[in-house]
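Working notes, beginning with the structure itself.
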Amino acid sequence: SEHKCYMKDLDEAFCKASSPAGWLGHELISRQEPISEPVPAPLPTECVDDGQNCIHVGCCKRSEHKCYMKDLDEAFCKASSPAGWLGHELISRQEPISEPVPAPLPTECVDDGQNCIHVGCCK
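Numbering (the numbering used here), first residue to last: 24 to 146.
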């Protein structure tokens with residue numbers, strides 16, 4: 024699919040070709056899908072330190088850490104997604120993103136118009 028799961032706000036995310044203006048705009052990536060590493064680039068100035076909530080910025084100051092959703096309200100910079108967390112990786116829309124490695128989509132991916140905040144992938 025050409026569509027990706029973009030966060031509208033902290034409660035909803037939808038499958039779109041690009042992030043609409045006015046949306047929070049972070050791309051959700053299902054932790055079931057293999058992802059390739061982002062193209063190295065300077066981090067945006069708003070990236071956060073470990074221990075700070077990264078749900079609004081989607082990036083971490085430590086390049087070896089990624090922003091993982093703990094729940095629908097919080098995300099933190101970690102080396103990997105801790106057990107028991109929602110676990111979706113948030114990627115700031117300011118960072119260049121490389122394309123995911125092609126793989127069969129998990130069966131729980133959703134159609135356009137359905138909320139993808141819990142699955143992080145689109146059909």
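Glycine residues also receive a C-beta, built at the ideal position from the N, C-alpha and C atoms.
Notebook entry, point to check: How big is the Cα-Cα spacing for A36 and C90?
Noted result: Counting from 1 along the sequence shown, the entry for residue 36 is found at position 13. Counting from 1 along the sequence shown, the entry for residue 90 is found at position 67. For A36 and C90, the distance between alpha carbons rounds to 17 Å.
Next item on the list: Can you say whether P119 is buried or exposed, counting buried as having 16 or more other CB atoms within 10 angstroms of its CB?
Entry: Reading the sequence shown from its first residue, position 96 is the one you call residue 119. Its pLDDT being 47, under 50, P119 is placed unreliably in this model, and the coordinates cannot settle the point.
Item checked: Limits of the beta strand (DSSP E) - the one that K101 falls within -> The residue labelled residue 101 in the question sits at position 78 within the sequence shown. K101 -> beta strand (DSSP E) spans A98 to K101.
Next item on the list: Within the same chain, show all residues whose beta-carbon is closer than 6 Å to that of E69, passing over the 5 residues directly before and after it, in chain order.
Entry: Position 46 of the sequence shown, counted from the start, is the residue given in the question as residue 69. Only residues of its own chain outside the window of five on either side were considered, and among them V80 have a CB closer than 6 Å to the CB of E69, listed in chain order.
Checklist line | Boundaries of the beta strand (DSSP E) in which A36 is found, first to last residue | finding: Position 13 of the sequence shown holds residue 36. Here the beta strand (DSSP E) through A36 covers A36 to K39.
Check: Taking three-plus beta-carbon pairs below 8 Å as touching, is the segment 36-45 in contact with the segment 98-105?
Finding: For the pair of segments examined, the segment 36-45 was found not to touch the segment 98-105: the number of CB pairs separated by less than 8 Å stays below three.
Item checked: For K93 and L113, believed in contact at Cβ under 8 Å, the rounded distance -> Within the sequence shown, residue 113 is the residue found at index 90, counting from 1. Within the sequence shown, residue 93 is the residue found at index 70, counting from 1. Not quite, the Cβ-Cβ distance comes to about 11 Å (not below 8 Å), so this is no contact.
Checklist line | CA-to-CA distance, C77 to S86, given in whole angstroms | finding: Taking the sequence shown and counting its residues from 1, the one referred to as residue 86 is at position 63. Taking the sequence shown and counting its residues from 1, the one referred to as residue 77 is at position 54. Straight through space, the alpha carbons of C77 and S86 are spaced by roughly 14 Å.
Next item on the list: Might you give, ordered along the chain, the residues of its own chain that have their beta carbon closer than 6 Å to the beta carbon of D135, omitting 5 neighbours on each side?
Entry: On the sequence shown, residue 135 is found 112 positions in, with the first residue counted as 1. The answer, listed in chain order, is C38.
Next item on the list: Determine the direct distance from the alpha carbon of D72 to that of C28, and round the result to whole angstroms.
Entry: Counted from its first residue, the sequence shown places residue 28 at position 5. Counted from its first residue, the sequence shown places residue 72 at position 49. Approximately 25 Å between the Cα atoms of the pair.
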